[in-house]
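K.L.:
Structure incoming, see below.
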Amino acid sequence: MISVKINRTHFIEDINADMKGQEVILGGWVEDLRKMGKMTFLTLRDATGITQIILTDDVMKSIDDITRQSVVRVTGKIQDTKARDFECEIKADEINVLAKAVHPLPIDPLGRLESHIDNRLNSRALDMRNQKTASIFKIRHHVLASLRKTFTEKKFMEITTPKIIGSASEGGANLFSLDYFGKQAYLAQSPQLYKEQMTIGLERVFEIASFYRAEKSHTGRHLSEFTSVDIEAAFMDYTDVMNVLEDLVLNTFKYVSENCKKEQEIIGNKITVPNGPFKKITYSQALEELNRKDAKLEFGDDLLDSHLRIIEENHPDFYFITDWPIKLKPFYIMEKEDNPELSESFDLQYGYLELSSGGSRLHNPEKIKIRLSEQNLDPTKFSEHLQAFDWGMPPHAGWGLGLERLLTVILGIDNVREVILYPRDPERLKP
Numbered sequence: 001m002i003s004v005k006i007n008r009t010h011f012i013e014d015i016n017a018d019m020k021g022q023e024v025i026l027g028g029w030v031e032d033l034r035k036m037g038k039m040t041f042l043t044l045r046d047a048t049g050i051t052q053i054i055l056t057d058d059v060m061k062s063i064d065d066i067t068r069q070s071v072v073r074v075t076g077k078i079q080d081t082k083a084r085d086f087e088c089e090i091k092a093d094e095i096n097v098l099a100k101a102v103h104p105l106p107i108d109p110l111g112r113l114e115s116h117i118d119n120r121l122n123s124r125a126l127d128m129r130n131q132k133t134a135s136i137f138k139i140r141h142h143v144l145a146s147l148r149k150t151f152t153e154k155k156f157m158e159i160t161t162p163k164i165i166g167s168a169s170e171g172g173a174n175l176f177s178l179d180y181f182g183k184q185a186y187l188a189q190s191p192q193l194y195k196e197q198m199t200i201g202l203e204r205v206f207e208i209a210s211f212y213r214a215e216k217s218h219t220g221r222h223l224s225e226f227t228s229v230d231i232e233a234a235f236m237d238y239t240d241v242m243n244v245l246e247d248l249v250l251n252t253f254k255y256v257s258e259n260c261k262k263e264q265e266i267i268g269n270k271i272t273v274p275n276g277p278f279k280k281i282t283y284s285q286a287l288e289e290l291n292r293k294d295a296k297l298e299f300g301d302d303l304l305d306s307h308l309r310i311i312e313e314n315h316p317d318f319y320f321i322t323d324w325p326i327k328l329k330p331f332y333i334m335e336k337e338d339n340p341e342l343s344e345s346f347d348l349q350y351g352y353l354e355l356s357s358g359g360s361r362l363h364n365p366e367k368i369k370i371r372l373s374e375q376n377l378d379p380t381k382f383s384e385h386l387q388a389f390d391w392g393m394p395p396h397a398g399w400g401l402g403l404e405r406l407l408t409v410i411l412g413i414d415n416v417r418e419v420i421l422y423p424r425d426p427e428r429l430k431p
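So the sequence shown is numbered by UniProt numbering: it starts at 1 and just counts up by one.
Structure, rendered in structure tokens:
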């Protein structure tokens, strides 16, 4: 291993047969080595692709102890190739080992030997050299780019809210607590109160950030640290923000379908853009569907996972469940004017999987205080939030969307731990 200035001239995806005879300098990882006569064929991969390097015995002398997955710098000229898998190849004039991989490796980054997900997560950095894993996170990158593009086009401004808070933002008990210079503090479970407050000046805001819930859930859908996509918009109601959400989902599928063709091929999942508009059923209609199948539910009962799996039989794709009982919703959700037992609220589902929840918000502080008391929450503990309502709080609405859950739907993957770099759940705190 030597210290050498890299001076890389190209990524692998940028070289082609039209550049025949041109000298290039590449950097990457040795994926495979095989010797045939006086020539050695080295497969080199970087983050953008893979190519073949031809080394003579004279060039190989300087790196005769090279190992697979070592980092190398290659200087050479592009030439035609007879290999079916490559458009061209590089005849190396010089090769330098920049970092040697120590064997045995904990997992096979090529995926030829299958590894359990826990083993891959324990060696996550090495797992990123598995092209299926890398493709998942390249698609995640494009999903985030698409989300921000749509929000910007709809005149939403990105904000960043505190993740260390002094009280429960929604009155829930599932919070991680910590010592904050001798004071009790918590990790935020949502940006709910902050994003509502921002509508009095910025009108339309969104945030994409990590949030935290101390729920001991051991499923492929739950994480203790997750990425939430949140919006809040002044002068909108729940039907308006449902339309924003539907547009966002459709735009994201379309963007990824068009911009991630290579990654889809590697993963083995062709992304199909869903049809809009999404179907809408009310909570009461969902109850009727369930009771026709002997669910024996009454108005006001929550819909459990087992119930949603029954509903999925009739609604396997994207759909909204709207107009939930007000008693099932948080204190800030507005009741329906024509029926105060119902709320202006919705959940976005994909089959049985809940992706998003939202609705119109109360903007009358006196009504909020009443609702807080009805839910056994102390209004005085929300005084700083309620203060903003005295400064001209507009009617507003919003929602929160689980990014990892959306990604599992886009990619056709069952486990959210596959689509987040370093998942945190009740059993995993490292690496």
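Cβ coordinates follow ideal geometry from the N, Cα and C atoms, glycine included. Keep in mind that this is a model prediction, so the values were computed, not measured.
For the stretch 180-244, which segments carrying the alpha helix (DSSP H) assignment without a break, of at least 4 residues, lie completely within its bounds, in sequence order?
P.N.:
List check, alpha helix (DSSP H) in window: 192-198.
K.L.:
Going by the beta-carbon positions, is the gap between residue 432 and G76 smaller than 7 Å?
P.N.:
Nothing can be reported for residue 432: it is not among the residues displayed for the chain, which extend from 1 to 431.
K.L.:
Would you kindly check if the distance between the Cβ of E344 and the Cβ of M334 is under 7 Å?
P.N.:
In contact: M334 and E344 (Cβ atoms closer than 7 Å).
K.L.:
Going along the chain, which residues of its own chain have a beta-carbon closer than 8 Å to the beta-carbon of A214, five neighbours each way excluded?
P.N.:
If we look at A214 and ignore the five residues flanking it on each side, its Cβ neighbours are N174, L175, F176 and S224.
K.L.:
Compare the beta carbon distance of I15 and I95 with 7 Å and say whether it is the shorter of the two.
P.N.:
No, Cβ-Cβ distance for I15 and I95 is not below 7 Å.
K.L.:
Indicate whether V30 and V72 have their beta-carbon atoms separated by less than 7 Å.
P.N.:
The answer is yes: Cβ separation under 7 Å.
K.L.:
Would you check if there are 3 or more beta carbon pairs closer than 8 Å linking the stretch 198-211 to the stretch 143-155?
P.N.:
The stretch 198-211, when compared against the stretch 143-155, does touch it at the 8 Å Cβ threshold.
K.L.:
Quick check on T239: buried or exposed, where buried means 16 or more other Cβ atoms within 10 Å of its Cβ?
P.N.:
When all chains shown are included, T239 counts as exposed.
K.L.:
By the DSSP assignment, the alpha helix (DSSP H) with A145 in it spans what residues?
P.N.:
Q131 to E153 is the span of the alpha helix (DSSP H), which, as asked, contains A145.
K.L.:
Go through the stretch 263-297 residue by residue and report every complete run of the beta strand (DSSP E) that reaches 3 residues or more, in order.
P.N.:
Runs found: 279-282.
K.L.:
Among I164, L248, D179 and Q184, which one has its Cα closest to the Cα of F211?
P.N.:
The residue with the shortest Cα to Cα distance from F211 is I164.
K.L.:
Return the residue from the list N130, F389 and G359 that minimises the CA-CA distance to M236.
P.N.:
With distances taken between Cα atoms, M236 lies closest to G359.
K.L.:
Does K20 come out as helix, strand or coil in the three-state DSSP assignment?
P.N.:
Coil, per DSSP.
K.L.:
Determine the DSSP secondary structure at Q375, reduced to helix, strand or coil.
P.N.:
Here Q375 sits in coil by DSSP.
K.L.:
Give me, in chain order, the residues of the same chain whose beta-carbon lies closer than 7 Å to that of E232; leave out the 5 immediate sequence neighbours on both sides.
P.N.:
Closer than 7 Å at Cβ, skipping near neighbours: K195, E196, M198, T199, V205, H396 and G398.
K.L.:
I need the straight-line Cα distance from D118 to K254, nearest angstrom please.
P.N.:
Computed Cα separation, rounded: 32 Å.
K.L.:
Tell me P325's beta-bridge partners as DSSP assigns them.
P.N.:
P325 pairs with L342.
K.L.:
When the Cα atoms are used, what is the spatial distance from N275 to R371?
P.N.:
Looking at the two C-alpha atoms, the distance is approximately 38 Å.
K.L.:
From G268, E312, K261 and Y319, pick the residue whose C-alpha is nearest to that of K280; which is it?
P.N.:
Of G268, E312, K261 and Y319, the residue nearest in Cα terms is Y319.
K.L.:
Beta-carbon within less than 6 Å of A134's beta-carbon, same chain only, minus the 5 sequence neighbours each way: which residues are those?
P.N.:
So the qualifying residues of the chain are M128.
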